[in-house]
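A.B. asks: Under my numbering, the first residue of the sequence shown carries the number 205, and numbering increases by one thereafter. Just passing along the structure, written as structure tokens.
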Amino acid sequence: MQAERTKPVIEVNDLHKSFGEFKVIDGVSLDTNENEVISLIGGSGSGKSTILRCISLLSMPDAGEIYVDGQRMPLSQPSRKKNRVVTDTRRLRVAREQIGMVFQQFNLWSHLTVMQNIIEGPMCVKRVTRQDAIATAEELLVRVGMADKRNAYPSMLSGGQQQRVAIARTLAMKPRVILFDEPTSALDPEMVGEVLQVILDLADEGRSMIVVTHEIGFAREVSNRILFLNTGKIVEEGPAEQIVDNPQSVECQQFLANFK
Ligand code: ADP
Ligand code: MG
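See below:
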């Protein structure tokens with residue numbers, strides 16, 4: 205798929221993050237354009253989740269800049285203390301609402317029904333009326349094929365069904381961009397396809413997304429570009445077909461050989 209080149213929805217410049225002495229992200233820059241899907245691939249521990257956590261402002265980078273629609277995200281300000289502090293919690297909350305995140309482990313609230321899981325965020329965070337939140341949720345449940353489960357609790361659902369509800373919950377917040385962190389890694393093989401199909405449908409709608417996945421065939425199909433990450437650095441990036449079919453770096457060749 206070719207995306208039209210427009211202004212980046214997400215722009216990350218020279219991101220750095222360490223845990224103690226251990227440098228996990230070592231100068232990562234990337235962007236995601238309007239209507240574009242990019243995939244991040246790389247071995248376990250290469251820093252994929254940390255990058256997504258920084259973009260969604262769940263983790264604070266040590267250095268670097270993140271822009272959403274050209275607006276600089278309120279990352280921590282340098283302070284006299286060694287730890288950096290976040291100064292503007294309101295701006296941070298507003299910024300976070302622009303980024304949706306779907307996790308490997310679904311993270312649905314177990315004590316709430318499917319419907320309650322989806323309307324909670326819009327009602328509590330965005331102050332949407334209950335009636336409007338329910339109307340949106342009903343549409344979203346149809347889109348992810350879960351309309352008949354609106355009154356079910358998560359424990360009554362399969363993993364694939366829970367993940368589809370989690371995607372609907374993320375969509376209900378109307379995020380500018382959606383980040384997926386290995387959305388099918390916790391699923392039994394027979395359920396992977398139904399979740400990937402929902403993500404493909406979102407791509408077809410022109411949503412801007414960043415996908416971390418080990419489903420290389422899927423990444424090739426859904427992405428405009430793929431970025432290969434190794435020990436906290438982007439070693440190689442390019443059109444999806446090129447990276448999967450004809451990787452240039454030894455590291456990426458070795459990584460992809462695991463999937464052949
Ligand atoms: P990936 O998602 O590519 O598997 P991660 O971003 O989860 O990689 O982790 C990158 C590295 O950072 C790993 O070595 C991991 O152990 C380490 N790491 C991640 N989160 C933390 C944390 N909160 N504290 C200490 N080390 C962490
Ligand atoms: Mg991870």
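Where is the CB? At the ideal position from N, CA and C, for every residue including glycine. Keep in mind it's a predicted model, so treat the numbers as computed, not measured.
What residues in its chain sit with their C-beta under 6 angstroms from that of residue 404, if we drop five residues either side in the sequence?
C.D. replies: Only 426 meet the Cβ criterion.
A.B. asks: Tell me whether residue 451 is buried or exposed, calling it buried when 16 or more other Cβ atoms sit within 10 Å of its Cβ.
C.D. replies: The residue is buried, with at least 16 neighbouring Cβ atoms inside 10 Å.
A.B. asks: Taking residue 268 as the reference, which of 217, 238 and 324 has the closest Cα?
C.D. replies: Of 217, 238 and 324, the residue nearest in Cα terms is 217.
A.B. asks: Spell out the partners DSSP gives residue 382 in its beta bridges.
C.D. replies: Residue 382 is bridged to 304 and 413.
A.B. asks: Give every residue of the same chain whose Cβ lies closer than 8 angstroms to the Cβ of residue 419, excluding the five residues on either side of it in the sequence, and list them in chain order.
C.D. replies: Closer than 8 angstroms at the Cβ level, and outside the excluded window around residue 419, lie 388, 396 and 400.
A.B. asks: On the three-state DSSP scale, how would you describe residue 212?
C.D. replies: Strand at residue 212.
A.B. asks: Give the secondary structure of residue 436 by DSSP, where H, G and I count as helix, E and B as strand, and everything else as coil.
C.D. replies: It is coil, neither helix nor strand.
A.B. asks: By DSSP, does residue 349 sit in helix, in strand, or in coil?
C.D. replies: Residue 349: coil per DSSP, three-state reduction.
A.B. asks: Less than 6 angstroms between the CB of residue 314 and some heavy atom of the ligand MG, yes or no?
C.D. replies: Checking the Cβ of residue 314 against the ligand MG gives no.
A.B. asks: Which value, in whole angstroms, describes the spacing of the CA atoms of residue 225 and residue 350?
C.D. replies: So the alpha carbons of these two residues sit roughly 45 angstroms apart.
A.B. asks: Taking the continuous beta strand (DSSP E) assigned at residue 310, which residues delimit it?
C.D. replies: Per DSSP, residue 310 belongs to no beta strand (DSSP E) and is neither H nor E.
A.B. asks: Alpha carbons only, please: which of 222, 235, 464 and 241 is nearest the one belonging to residue 412?
C.D. replies: The shortest Cα separation from residue 412 among 222, 235, 464 and 241 belongs to 241.
A.B. asks: For residue 220, collect the residues of the same chain with a Cβ closer than 7 angstroms to its Cβ; drop the 5 residues on either side in sequence, then sort them by chain order.
C.D. replies: Closer than 7 angstroms at the Cβ level, and outside the excluded window around residue 220, lie 229, 230, 231, 265, 266, 267 and 268.
A.B. asks: Strictly by DSSP, which residues pair up with residue 418?
C.D. replies: Paired residues: none, contrary to the question.
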